[in-house]
Structure formats: structure tokens, C-alpha cells
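Colleague: Residue numbers (the working numbering), protein chains in the order written: chain A, 1 to 239; chain B, 240 to 461.
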């Protein structure tokens with residue numbers, strides 16, 4: 001086994017464990033089997049927060065030190081975070097259709113989660129638009145800091161604005177409001193998703209490093225350009 | 240007037256003079272916004288009580304979406320050569336940010352002020368409550384001006400012109416919420432202090448972020 005592959009295997013094994021744990025819990029009293037969607041929806045939402053939080057850390061790290069590894073961390077985490085954020089919204093919509101009867105409703109949590117998604121799409125769009133690595137890192141770092149302001153707003157939106165979305169069940173005053181078997185299954189799912197996030201992030205960072213190395217090698221190589229065969233005329237010389 | 244403020248004032252004056260000559264905001268964006276305010280009732284149906292209720296929200300949405308055009312226009316006005324010249328002249332990047340944001344805020348205030356009577360006329364909202372909204376206009380204009388200028392600086396040298404709106408619009412949602420909630424709060428007699436405070440805090444945060452990031456972002460352009 002490759003030395004670095006342990007993270008991928010751990011993520012896979014934990015995902016399998018989370019699947020078994022999620023299917024093993026009994027159906028929820030009111031929602032039945034639909035409640036099992038929580039074992040993917042909640043971890044995906046938490047991982048989106050974590051990923052964008054890591055983007056903030058990477059951005060601040062880059063602005064403080066100017067080291068590219070921080071930029072790779074911020075960018076990789078944002079990409080994975082956008083994936084988890086999109087997954088959260090998609091699963092939330094499926095949940096909403098089954099419980100509220102609509103795919104979308106104008107609830108503060110839903111709207112702000114969607115807005116967070118668009119902010120980080122803008123972050124990725126900005127990175128794609130700048131060719132120079134240093135300019136890209138510096139500009140996106142500022143947006144990474146600016147965009148992170150909304151992470152706590154999204155989380156606490158269910159407390160500040162009363163809407164359809166249920167208030168927090170885990171991080172809330174008065175402790176966790178959930179049965180033990182649900183709590184254990186959810187904890188395994190969160191752990192599994194965290195390992196998946198770490199594995200994906202590592203791949204992203206390795207790819208970014210390889211891309212930088214390739215760009216540096218291409219820039220240093222002498223490549224033949226169009227028109228290279230045309231030479232300047234040598235006046236006064238006769239062949 | 241200290242050096243920094245004087246430089247900011249000169250930059251703002253230059254931007255406002257450019258606008259005076261081109262008239263792009265007042266002659267093009269305002270009619271465009273007014274047309275949007277007219278299109279919405281046609282889309283949702285001519286229901287007078289409904290329009291009266293949604294009028295303030297529609298007004299703030301149009302201010303936000305079309306106000307982005309104003310800030311994008313201001314951000315895109317300076318080309319790389321002009322930026323280099325200003326740097327060679329010793330212009331402080333923070334002064335440039337303050338000047339551009341100030342000019343954008345003034346233009347946005349004019350934009351808001353010209354659209355407000357149009358919205359009142361089209362939607363038939365009760366104008367008594369709107370007097371209180373006058374306090375919100377400068378705060379929203381300043382916030383949008385600061386955010387647009389900051390986004391313009393972050394996205395400078397990016398070929399895509401649609402990137403700045405993608406950055407500005409989602410981040411300006413708290414401003415839209417606050418402005419709409421102030422208007423709604425006045426209508427139903429609820430307290431509006433918290434929303435006004437949110438606008439002030441956002442403006443302050445954006446001003447600090449803009450001033451702190453001005454030099455690193457300008458250096459990243461080279």
C-alpha cells in the first residue's frame with residue numbers, strides 16, 4: 001500500500017461504516033426513513049463550514065507569510081467546500097419537497113446557504129480569471145477573508161430569523177437534542193465526511209503543486225515559436 | 240486637508256468629472272433602473288395592494304442590482320496605464336480606494352434619490368414612511384460604493400466583466416436585507432435600530448478592509 005493512500009482507505013472504510021450505521025438506526029417517529037437524509041445533509045453542511053473556514057485560514061496564512069502552500073490550501077478547500085455546499089442545498093431541497101411540499105422556500109437558512117455557494121463560486125471564478133500565480137493568490141486571499149464573514153451568519157440564521165428550517169440540534173445551548181442512536185450514527189457520518197474532505201483536499205493540493213511545477217518547467221523550456229524559422233537578413237554577405 | 244484626504248478628494252473629483260462628461264450613470268443607468276421598476280408590475284400582475292406592499296423591496300432590489308453597474312463602471316474606468324501613472328505620481332493606494340469609493344457612493348446616492356420618486360409613483364407606496372428611509376439611503380450607497388470598489392480592486396486585470404457583480408451581489412445581501420427591513424419596520428411600526436446598526440457596522444468593516452487591502456492588491460496587479 002502506498003504510504004499516502006491510508007487516508008483514502010480510511011475515508012472509504014468510514015463511509016462504509018457510516019452507511020451501515022445510517023441504515024441500522026430505526027425510522028424516525030415522525031419522518032420515517034426520510035430522516036436518514038440527515039446523515040448526509042448535516043455532515044455535508046458542516047464540512048462546507050469547515051472547508052470555508054480552512055479557506056479563511058489559508059487566506060490569512062498566505063497574506064501573512066506569502067507562501068504558496070497556504071494559497072493551495074485555501075483554493076483546494078474552497079473547491080471541496082463548494083462541492084459540499086452544493087450537496088447540502090440539493091439534499092435540503094429533496095428534504096423540503098418531502099416535508100414541506102416545496103423544493104424551495106424563502107427561509108433565511110436556505111437563502112443564505114445558497115448565497116454562500118455563490119460567493120465561493122465567485123472565489124473560484126476569480127482564481128480562474130487570473131493567470132499570474134502571485135496575483136491570483138493575493139487577490140483571492142482577500143476574497144477568502146471577506147467571504148468567511150457569512151459562515152457564522154449562515155449557521156446562526158435559524159436562531160436570528162424564525163423560519164421553516166429547524167434550529168440547531170447539536171451545537172445549541174442546553175446540549176444535544178437527539179436520541180443516542182441517531183447521535184452515534186450522525187457522529188460516524190461526520191467523521192467519515194471529514195476524512196473524505198481531508199482526502200479530497202490533499203488530492204487538490206497535490207494537483208495544484210503538480211500544475212505549478214509543470215507551469216514552471218514549461219516556462220523554463222526553450223520552445224519553438226511560430227516564425228522562428230525566419231532570420232534577420234545579413235546585408236553585405238554573399239553566399 | 241492632509242495628504243491622504245487631499246489625494247482621495249482629487250481622485251473622487253476626477254471620477255465625478257468623468258461621470259459629468261459621459262453622463263453614463265444619470266443618463267443611462269437611471270432610465271434602465273426605472274424601466275426595470277416598470278417591468279416588475281407587468282411580470283407579477285397589476286394588483287395595486289400587492290404592488291404597494293412589495294414596492295419598497297422592489298426598489299431596494301433594483302438599487303442593488305443596478306447600483307452594481309455604477310460601481311463596476313467606476314472600477315473599470317482606470318486602465319493599467321492610468322494606474323501605473325498614478326502610482327508613479329506617488330498616489331497612496333488607500334487614498335485611491337477612498338476616492339473611488341466616495342465617488343461611487345455619491346453617484347449611488349444620486350441614483351437612489353432619482354429612483355425613489357419613480358418607485359413611489361409606480362407602486363403607490365405610502366410616502367410618509369419613506370421620509371425615514373432617507374437616513375438609510377446614504378448608508379446603503381456608501382456600503383455598495385465600498386463593496387463595489389473593493390470587488391473591483393480584487394478582480395482588477397481579470398478579463399471577465401461579469402465577475403465583479405458575482406462578487407458584489409451575494410456579499411451585499413445583508414445591506415439589501417437591512418434596507419428592506421427598515422422600510423418594512425417603519426410600515427408596521429417595528430424598531431429599526433438593529434438594522435441601521437447592521438448597515439453602519441457593514442460600512443465600517445468594508446472601509447477598514449478596503450483601506451487595509453488597497454496596497455497589497457495594487458502591488459498584485461504588477
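All residues carry an ideal CB built from backbone N, CA and C; glycine is no exception.
Which residues share a DSSP beta bridge with residue 428 of chain B?
Modeller: Per DSSP, none; premise fails for residue 428 of chain B.
Colleague: So does residue 263 of chain B have its beta carbon nearer than 8 Å to some heavy atom of the ligand ZN?
Modeller: The model on display carries no ligand, and the ligand ZN is accordingly not part of it.
Colleague: Strictly under 9 Å for the Cβ-Cβ distance: is residue 143 of chain A near chain B by that measure?
Modeller: Interface residue, yes.
Colleague: Between residue 452 of chain B and chain A, is any beta-carbon pair separated by less than 9 Å?
Modeller: Yes, its Cβ sits closer than 9 Å to a Cβ of chain A.
Colleague: Is the stretch 401-417 of chain B in contact with the stretch 321-330 of chain B, if contact means three or more CB pairs nearer than 8 Å?
Modeller: Short answer: they don't touch.
Colleague: Return the CA-CA distance between residue 34 of chain A and residue 57 of chain A, expressed in angstroms with no decimal places.
Modeller: Rounded to the nearest angstrom, the two C-alpha atoms are 36 Å apart.
Colleague: Rounded to whole angstroms, what is the Cα-Cα separation between residue 137 of chain A and residue 208 of chain A?
Modeller: For residue 137 of chain A and residue 208 of chain A, the distance between alpha carbons rounds to 12 Å.
Colleague: Starting from residue 221 of chain A, follow its DSSP beta bridges and name the residues at the other end.
Modeller: Answer is none; residue 221 of chain A lacks a bridge partner.
Colleague: Compile a chain-ordered list of the residues in the stretch 403-418 of chain B whose CB is closer than 8 Å to at least one CB of chain A.
Modeller: Residues 405, 406, 408, 409, 410, 412, 413.
Colleague: For residue 153 of chain A, which residues in the same chain have their Cβ closer than 7 Å to its Cβ, ignoring the five residues on either side in sequence?
Modeller: Cβ within range, chain order: 112.
Colleague: Considering residue 149 of chain A, what are the terminal residues of the alpha helix (DSSP H) in which it resides?
Modeller: Unbroken run through residue 149 of chain A: none, as it is neither H nor E.
Colleague: Could you tell me the alpha carbon to alpha carbon distance between residue 227 of chain A and residue 139 of chain A, rounded to whole angstroms?
Modeller: Going by the C-alpha atoms only, they are around 36 Å apart.
Colleague: Looking at the C-beta of residue 397 of chain B, does it have a partner C-beta in chain A at a distance below 9 Å?
Modeller: Interface residue, yes.
Colleague: For the alpha helix (DSSP H) containing residue 125 of chain A, name the first residue and the last one.
Modeller: Here the alpha helix (DSSP H) through residue 125 of chain A covers 108-129.
Colleague: Could you tell me which residues DSSP pairs with residue 96 of chain A in its beta bridges?
Modeller: Paired residue(s): none; residue 96 of chain A is not in a bridge.
Colleague: With distance defined between alpha-carbon atoms, name the residue in B:258, B:391, B:362 nearest to residue 277 of chain B.
Modeller: Answer by Cα proximity: B:362.
Colleague: Going by Cα to Cα distance, which pick from A:81, A:55, A:99, A:18 is closest to residue 30 of chain A?
Modeller: With distances taken between Cα atoms, residue 30 of chain A lies closest to A:99.
Colleague: Quick one: is residue 217 of chain A buried, meaning 16 or more other Cβ sit within 10 Å of its Cβ, or exposed?
Modeller: Residue 217 of chain A should be labelled exposed.
Colleague: On a Cα-Cα basis, can you pick out the residue from B:422, B:286, B:341 that is closest to residue 387 of chain B?
Modeller: Closest option to residue 387 of chain B, Cα to Cα, is B:341.
Colleague: Would you call the CB atoms of residue 301 of chain B and residue 275 of chain B closer than 9 Å?
Modeller: Yes, the pair counts as a contact, with Cβ atoms nearer than the cut-off.
Colleague: Hey, is residue 86 of chain A's beta-carbon within less than 9 Å of any beta-carbon in chain E?
Modeller: You won't find chain E in this structure, because its protein chains are A and B.
Colleague: In chain B, what lies closer than 9 Å to residue 119 of chain A by C-beta?
Modeller: Going along chain B in sequence order, the residues near residue 119 of chain A (Cβ under 9 Å) are 405, 406, 409, 410.
Colleague: Using DSSP with H/G/I as helix, E/B as strand and the rest coil, what is residue 284 of chain B?
Modeller: It is coil, neither helix nor strand.
Colleague: Taking DSSP's pairing of strands, which residues face residue 28 of chain A in a bridge?
Modeller: BP columns for residue 28 of chain A point to A:32.
Colleague: By Cβ distance below 8 Å, which residues in the same chain neighbour residue 17 of chain A in space, the five residues on each side in sequence not counted?
Modeller: 188, 192, listed in sequence order.
Colleague: Counting only beta-carbon atoms, is residue 151 of chain A nearer than 9 Å to chain B?
Modeller: With 9 Å as the cut-off, residue 151 of chain A does not count as an interface residue toward chain B.
Colleague: Would you say residue 126 of chain A lies against chain B (beta-carbon separation less than 9 Å)?
Modeller: Closer than 9 Å to some Cβ of chain B, the Cβ of residue 126 of chain A qualifies, so yes.
Colleague: Nearest to residue 122 of chain A by alpha carbon, out of A:146, A:38, A:131?
Modeller: Nearest C-alpha to residue 122 of chain A: A:146.
Colleague: Beta-carbon within less than 6 Å of residue 434 of chain B's beta-carbon, same chain only, minus the 5 sequence neighbours each way: which residues are those?
Modeller: Hits under 6 Å: 417, 420, 421.
Colleague: Are the C-beta atoms of residue 38 of chain A and some chain B residue less than 9 Å apart?
Modeller: False, the Cβ-Cβ gap to chain B never drops below 9 Å.
Colleague: Buried or exposed for residue 530 of chain B, going by 16 or more other Cβ atoms inside 10 Å?
Modeller: Residue 530 of chain B lies beyond the stretch modelled for chain B, which goes from 240 to 461, so this question has no answer here.
Colleague: Strictly under 9 Å for the Cβ-Cβ distance: is residue 347 of chain B near chain A by that measure?
Modeller: Not closer than 9 Å to any Cβ of chain A, the Cβ of residue 347 of chain B fails to qualify, so no.
Colleague: Please confirm whether residue 349 of chain B and residue 407 of chain B have their CB atoms less than 9 Å apart.
Modeller: No, they are not a contact pair.
Colleague: Hey, quick one: how far does the alpha helix (DSSP H) through residue 200 of chain B stretch, first residue to last?
Modeller: Residue 200 of chain B cannot be examined here, being either before or after the span of chain B that is shown, 240 to 461.
Colleague: List, in order along the chain, the chain B residues whose C-beta lies closer than 9 Å to that of residue 58 of chain A?
Modeller: Those within 9 Å of residue 58 of chain A in chain B number zero; the least Cβ separation is about 16 Å.
Colleague: Residue 227 of chain A touches chain B at which residues, Cβ-Cβ below 9 Å?
Modeller: Here the premise fails: no neighbours, minimum Cβ distance about 25 Å.
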